[in-house]
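Chains Y, E, G and L, in that order, give the protein sequences.
So that you can map any letter, position 207 of the first sequence is 207 in the numbering used here, and since no number is skipped, the others follow by simple counting.
So that you can map any letter, position 159 of the second sequence is 159 in the numbering used here, and since no number is skipped, the others follow by simple counting.
So that you can map any letter, position 152 of the third sequence is 152 in the numbering used here, and since no number is skipped, the others follow by simple counting.
So that you can map any letter, position 258 of the fourth sequence is 258 in the numbering used here, and since no number is skipped, the others follow by simple counting.
The block underneath contains the structure these notes are about, expressed in structure tokens.
There are 4 protein chains.
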Amino acid sequence: VEILSGLYRGHTTGAPLCLLVRNTNVESRSYDEIDGRPRPGHADYVALGKYGGFNDPRGGGRFSGRITVGYVMAGAVARKLLGTLGVTVLAHTVDIGGVKAAPQSLETIRAQAPGDPLRCADPEASLRMARLIQEVKQSGDSLGGVVEGIALNVPVGLGEPVMDTLEGDLAKALFAIPAVKAVEFGAGFAVAAMRGTANNDPFLVQDGGVVTATNNAGGILGGLSSGMPIIVRAAIKPTPSIAVPQKTVNISKMQEVSITVPGRHDICIVPRAAPVVEAMMAVVLVDFALRSGALPHLMKRR
Amino acid sequence: VEILSGLYRGHTTGAPLCLLVRNTNVESRSYDEIDGRPRPGHADYVALGKYGGFNDPRGGGRFSGRITVGYVMAGAVARKLLGTLGVTVLAHTVDIGGVKAAPQSLETIRAQAPGDPLRCADPEASLRMARLIQEVKQSGDSLGGVVEGIALNVPVGLGEPVMDTLEGDLAKALFAIPAVKAVEFGAGFAVAAMRGTANNDPFLVQDGGVVTATNNAGGILGGLSSGMPIIVRAAIKPTPSIAVPQKTVNISKMQEVSITVPGRHDICIVPRAAPVVEAMMAVVLVDFALRSGALPHLMKRR
Amino acid sequence: VEILSGLYRGHTTGAPLCLLVRNTNVESRSYDEIDGRPRPGHADYVALGKYGGFNDPRGGGRFSGRITVGYVMAGAVARKLLGTLGVTVLAHTVDIGGVKAAPQSLETIRAQAPGDPLRCADPEASLRMARLIQEVKQSGDSLGGVVEGIALNVPVGLGEPVMDTLEGDLAKALFAIPAVKAVEFGAGFAVAAMRGTANNDPFLVQDGGVVTATNNAGGILGGLSSGMPIIVRAAIKPTPSIAVPQKTVNISKMQEVSITVPGRHDICIVPRAAPVVEAMMAVVLVDFALRSGALPHLMKRR
Amino acid sequence: VEILSGLYRGHTTGAPLCLLVRNTNVESRSYDEIDGRPRPGHADYVALGKYGGFNDPRGGGRFSGRITVGYVMAGAVARKLLGTLGVTVLAHTVDIGGVKAAPQSLETIRAQAPGDPLRCADPEASLRMARLIQEVKQSGDSLGGVVEGIALNVPVGLGEPVMDTLEGDLAKALFAIPAVKAVEFGAGFAVAAMRGTANNDPFLVQDGGVVTATNNAGGILGGLSSGMPIIVRAAIKPTPSIAVPQKTVNISKMQEVSITVPGRHDICIVPRAAPVVEAMMAVVLVDFALRSGALPHLMKRR
């Protein structure tokens with residue numbers, strides 16, 4: 001990382017923090033082979049539709065997962081600011097290829113997930129996930145999964161009613177991560193089969209404060225943080241680059257052809273998505289904290 | 001509806017279209033009973049946290065589902081504009097309280113859903129949903145469900161890479177609908193258990209154009225529309241207002257108390273959410289269409 | 001004024017304050033006479049170019065000075081917020097038709113201008129301005145002038161470097177007032193003929209604080225408030241509606257014709273622009289105060 | 001200039017064009033001498049007020065005129081886009097230190113100004129300006145002036161009524177240029193002494209189109225472009241860095257002291273501001289052209 005602006009003698013100056021990471025690890029040659037024959041599951045075809053013939057095919061351009069290095073850099077700054085409020089974010093793998101981690105306590109997740117090779121808080125599930133990845137690697141195929149993000153100690157009332165809900169902005173930020181196809185909060189899609197009596201989280205007094213007995217709301221009511229842990233899950237689709245021949249169209253000839261996508265392939269990006277989910281949660285939360293005046297000391301005068 | 005500005009002799013003038021619907025059907029009395037005792041599942045508690053003691057409790061204020069009348073008005077305008085591109089949007093009920101509609105063809109959905117009392121394209125499921133609603137009504141409880149939104153004939157390339165993805169903006173718009181807790185596109189959360197070979201949608205030539213054989217992507221690749229139908233599902237939580245006593249906290253005394261929420265209760269708002277989903281999809285799509293120059297004739301000079 | 005939202009029992013609720021003033025005093029008939037024959041100095045011609053034939057000609061639509069009632073309403077709210085910081089804004093007439101007010105002390109301006117019929121702090125000049133207005137009224141002509149706006153007690157550091165300078169946002173806000181054609185701060189255009197030794201304002205210690213001996217900068221250095229009074233002047237062009245025949249073009253026939261603009265004519269709107277200048281200054285200053293965290297108590301929790 | 005993104009094989013790709021110029025020509029040592037003793041006319045004092053003690057004093061940071069290299073880079077791109085509409089922008093020096101250029105025809109300005117060492121279209125005035133600069137240089141003092149910007153062939157109707165007027169956005173962009181203290185359009189401050197009969201520009205038919213006989217409006221009516229040349233003038237204050245002792249305050253001791261500003265001094269930056277004015281005009285005009293759909297071909301599909 002090269003810091004281009006905004007830092008002087010170890011402190012931010014008020015100027016924009018501009019951090020530069022150069023994308024040097026690129027093989028342009030391999031992409032020439034697929035020019036005009038869009039890879040299934042990739043953005044080649046839509047980029048052609050949007051930008052015509054001049055778009056940069058190298059490495060998938062801005063559609064590549066490499067773009068997330070910027071998210072993580074922003075997240076690192078956001079987490080420093082959130083730290084002044086005592087807010088922490090944490091993401092862990094809860095599903096790879098259909099192998100699900102058993103539900104764990106917050107304490108277990110914080111203790112286990114960061115050190116696990118797949119960022120999974122359930123060691124037994126992690127082993128099965130690892131075996132599945134090895135199997136699928138043999139077949140040249142790829143795997144999806146689910147990452148769960150948690151934010152703790154968020155003050156009550158972050159978010160805006162109506163348009164800029166906390167769920168809406170978190171979801172928008174998570175869908176900016178390539179391969180995310182679904183986002184749910186708290187009980188998520190399970191709410192469809194729940195009754196109001198089961199879904200409503202009763203309020204209790206605990207340690208002199210108000211909490212809820214359950215957290216089906218995932219820490220968000222009416223689009224605003226409730227003070228309970230924010231719980232969000234994002235589904236990651238299987239990596240579209242696979243080592244198996246696939247059907248596509250030669251666009252200039254409008255003929256159906258078969259391609260095998262060249263280049264390196266990731267079998268499963270789910271564990272690598274976890275820090276990106278953390279970064280995006282931190283960025284959204286710090287934006288709302290600044291907007292609500294919850295971080296006024298950051299802007300105080302000498 | 002009163003049209004305050006932007007229309008003159010049947011045409012828009014270029015001034016903002018301002019449409020006013022007054023919220024006249026309010027019983028303020030009933031809300032006094034719950035002042036300071038936040039209703040579980042409602043925004044009362046977070047509004048208190050955000051705004052202090054001056055927030056307007058009448059009808060839930062901006063947290064009420066009534067706010068969606070504005071969305072539907074905006075959607076009506078957006079659909080007129082989308083019509084000039086041939087784009088249509090349609091939403092239908094696919095789940096109420098765990099009763100799921102069987103998958104239907106696009107033709108069946110278009111034919112059946114609009115006339116069904118529950119906006120469901122599967123008549124048999126619709127009957128079971130209706131029975132479930134009656135049952136739950138007896139018990140004073142409430143039901144959630146899932147609405148699926150479909151946009152047809154969307155040009156290739158709407159959406160922006162990186163931050164303003166089509167998924168992200170659609171999701172943000174859907175989370176602005178009160179009670180939405182989850183949003184998924186195409187195969188959605190099911191991608192977690194799919195392999196790349198199954199999830200990637202192969203490209204084909206059909207009627208002289210490029211289509212995909214399947215639509216697991218829900219019409220969106222790389223955050224941009226692919227030309228295939230856009231498919232999005234939103235989970236709606238059970239209505240939090242129920243006629244059953246619930247636990248909460250008397251905030252000023254910090255004592256746990258029981259309340260029974262007064263006022264009218266909707267057992268299930270899922271069918272009523274469908275037109276709101278359509279409206280929000282239309283608004284997002286027309287914004288991107290304008291942004292991409294796909295609607296330039298709207299701005300042409302005489 | 002009808003308050004549509006945002007107030008409950010005398011306090012703001014956090015919802016948008018929506019204030020409605022209906023434009024009832026309109027004679028549509030008189031505008032039919034000039035349809036297709038744009039009035040010189042008015043926006044008729046550019047509105048035709050921008051919106052084609054459907055624009056609303058009644059009263060000039062959004063190009064009319066009537067639009068400023070909204071500015072003044074926003075300004076009233078902004079001034080209440082600024083009051084919590086001790087900031088005040090004041091505008092007065094310094095020139096009508098070339099009759100200039102003699103420079104006055106701040107004390108005199110505050111004492112004299114608000115009660116003067118032309119908002120002028122120099123009583124003798126005010127009399128000559130009034131006589132000039134009477135003369136010009138006889139001839140059916142109109143007069144321009146200059147309004148000076150002053151903001152006192154502005155904290156140091158409001159504004160943003162580079163793009164969102166305090167001068168830039170104040171100027172943009174003032175140019176939103178119809179008929180404003182020029183904006184200058186402090187010494188303004190006179191800086192062109194000044195040397196650096198004369199234009200630079202030396203810093204001094206006064207009453208334990210830092211002030212400048214002169215205020216050629218008009219209270220703004222580097223785009224940020226310096227703590228000295230903010231001084232801005234806006235030139236108002238003569239009202240374009242005059243009771244004298246003028247040359248224009250019949251657009252549909254592309255023929256030069258003569259028109260006499262019907263309807264009521266204001267000889268000079270300069271004194272009426274003063275409260276609008278105050279409102280716009282207040283709105284910009286409160287925006288920057290919120291942005292800088294100078295008003296955190298407005299957002300505090302209970 | 002290093003192009004970091006957005007270009008591939010000579011064409012833009014749709015990704016952001018990111019251009020990097022490193023600020024290498026900095027002497028940090030000389031600024032240490034003035035730390036805590038703000039230079040009159042500079043942003044040192046307000047930066048201290050806004051950012052506290054950590055701001056970067058090197059070269060004035062973002063308050064330095066060096067920031068305008070970014071404006072000129074953006075302007076270069078904007079001018080390429082405007083070129084597809086036939087729009088050109090041109091700025092020239094009309095006043096240095098009170099020496100005014102005689103009014104010239106558009107043809108003379110286009111022929112003379114670009115080649116003149118002071119960007120002045122009046123050769124005789126240019127010589128007197130040059131002599132004045134030499135004189136002032138001897139005394140260690142500095143000079144201000146006025147730059148006039150002209151945009152030709154602008155389509156009718158660019159700009160937005162009410163808030164985003166063309167004057168407002170041009171003025172905001174010009175006030176982003178360090179040292180600009182005043183902006184006027186067309187007749188500018190002279191409108192104060194004009195009658196409506198003189199200020200209103202009569203419409204005429206010329207070469208089959210509609211023009212105005214005069215251009216007191218500076219090409220802008222009702223905040224929108226009229227099709228006539230856009231004429232704007234910006235006053236540039238004398239460079240605040242002078243080689244003459246000045247009074248200031250030692251902030252930590254709150255004592256009045258005398259400083260002589262170290263480093264290189266520009267006697268007069270007016271001619272160097274002209275290309276920056278051109279750049280800012282181009283950026284604003286291309287933004288409005290895109291917003292109005294006047295440049296739809298830029299976004300068309302293959």
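For every residue, glycine included, the Cβ atom is placed at its ideal position computed from N, Cα and C.
{"Check": "Boundaries of the beta strand (DSSP E) in which ASN250 of chain G is found, first to last residue", "Outcome": "246–250"}
{"Check": "Pair within 8 Å by beta-carbon distance, ARG128 of chain Y and VAL162 of chain Y", "Outcome": "no"}
{"Check": "Any chain Y beta carbon closer than 8 Å to GLY159 of chain G", "Outcome": "no"}
{"Check": "The ligand PLP heavy atom lying under 7 Å from the CB of LEU152 of chain L", "Outcome": "Among the ligands in the structure shown, none appear at all, so the ligand PLP cannot be discussed."}
{"Check": "Cα-Cα separation, THR93 of chain E to GLY61 of chain E", "Outcome": "27 Å"}
{"Check": "Cβ-based burial, ASP141 of chain L [other Cβ within 10 Å; buried from 16]", "Outcome": "buried"}
{"Check": "Three-state secondary structure (DSSP) of SER64 of chain E", "Outcome": "coil"}
{"Check": "Status (buried if at least 16 other CB within 10 Å, exposed otherwise) for MET281 of chain L", "Outcome": "buried"}
{"Check": "Under 7 Å (Cβ pairs) to chain L, residues found in the segment 59–90 of chain Y", "Outcome": "GLY61 and ARG62"}
{"Check": "Where LYS300 of chain G sits in the DSSP three-state scheme", "Outcome": "Unreliable placement is indicated for LYS300 of chain G, whose pLDDT of 44 sits below 50; the coordinate value is still reported in the next sentence. In the structure shown, LYS300 of chain G sits in coil (DSSP, three-state: anything other than H, G, I, E or B)."}
{"Check": "Listed by chain order, chain G residues near PRO240 of chain L by CB distance under 7 Å", "Outcome": "GLY196 and ASN200"}
{"Check": "Residues of the segment 281–293 of chain G whose Cβ lies closer than 7 Å to any Cβ of chain Y, in chain order", "Outcome": "SER292 and GLY293"}
{"Check": "4 or more residues per run - each alpha helix (DSSP H) lying fully within the segment 207–243 of chain L", "Outcome": "none"}
{"Check": "Counted within 10 angstroms of its Cβ, other Cβ atoms place PRO117 of chain L as buried (16 or more) or exposed", "Outcome": "exposed"}
{"Check": "Residue range of the beta strand (DSSP E) that includes GLN255 of chain G", "Outcome": "255–259"}
{"Check": "Cutoff 8 Å: TYR45 of chain G Cβ touching any chain E Cβ", "Outcome": "no"}
{"Check": "Alpha-carbon to alpha-carbon, GLY263 of chain E and SER241 of chain E", "Outcome": "9 Å"}
{"Check": "Beta bridge counterpart(s) of ILE3 of chain E as assigned by DSSP", "Outcome": "E:LEU19"}
{"Check": "Contact residues within the segment 1–21 of chain Y, judged by C-beta distance below 8 Å to chain L", "Outcome": "LEU4, TYR8, ARG9, HIS11, THR12, THR13, GLY14, ALA15 and LEU20"}
{"Check": "Closer than 8 Å to chain G by CB, LYS300 of chain L", "Outcome": "Note on LYS300 of chain L: pLDDT 44, under 50, position unreliable in the model; the coordinate value appears next. Closer than 8 Å: no."}
{"Check": "Enclosing alpha helix (DSSP H) for THR197 of chain Y [first to last residue]", "Outcome": "196–199"}
{"Check": "CA nearest to the CA of TYR71 of chain Y, picked from Y:PHE288, Y:VAL283, Y:GLY293 and Y:LEU295", "Outcome": "Y:VAL283"}
{"Check": "Pick from Y:ALA15, Y:GLY41 and Y:ILE251 that is closest to GLY144 of chain Y, judged by C-alpha positions", "Outcome": "Y:GLY41"}
{"Check": "Pairwise C-alpha distance: LYS237 of chain E and ALA193 of chain Y", "Outcome": "9 Å"}
{"Check": "Beta-carbon neighbours of LEU221 of chain G, restricted to chain L and to distances below 8 Å", "Outcome": "GLY41, HIS42, ALA43, TYR45 and VAL46"}
{"Check": "Interface positions of the segment 93–113 of chain E facing chain Y (Cβ-Cβ less than 8 Å), listed along the chain", "Outcome": "ASP95, ILE96, GLY97 and GLY98"}
{"Check": "Alpha-carbon spacing of ARG302 of chain E relative to TYR51 of chain G, whole angstroms", "Outcome": "For ARG302 of chain E, the pLDDT reaches just 35, beneath the cut-off of 50, and the residue's location in the model is therefore unreliable, although a value from the coordinates is still provided. Going by the C-alpha atoms only, they are around 8 Å apart."}
{"Check": "Classification of PRO178 of chain E by the beta-carbon crowding that lies within 10 angstroms, buried from 16 upward", "Outcome": "buried"}
{"Check": "Exposure label - ASN25 of chain E; buried when at least 16 CB within 10 Å", "Outcome": "exposed"}
{"Check": "Residues near MET299 of chain E in its chain [Cβ-Cβ closer than 6 Å; skip 5 each side]", "Outcome": "Reliability fails at MET299 of chain E, whose pLDDT of 47 lies under 50, so the model's placement of it is uncertain and the value that follows must be treated cautiously. No residues qualify anywhere along the chain."}
{"Check": "Simplified DSSP assignment, three categories, for VAL26 of chain L", "Outcome": "coil"}
{"Check": "Alpha-carbon to alpha-carbon, ARG66 of chain Y and ILE259 of chain Y", "Outcome": "23 Å"}
{"Check": "Contact check, LEU295 of chain L vs THR13 of chain L, beta carbons under 8 Å", "Outcome": "no"}
{"Check": "Amino acids of chain E, ordered along the chain, whose beta-carbon sits closer than 8 Å to that of VAL191 of chain Y", "Outcome": "GLY144, LYS181, ALA182, ALA235, ILE236, LYS237 and PRO238"}
{"Check": "Cβ of SER252 of chain Y within 8 Å of any chain E Cβ", "Outcome": "no"}
{"Check": "Cα-Cα separation between ASP122 of chain E and VAL183 of chain E, rounded to whole angstroms", "Outcome": "22 Å"}
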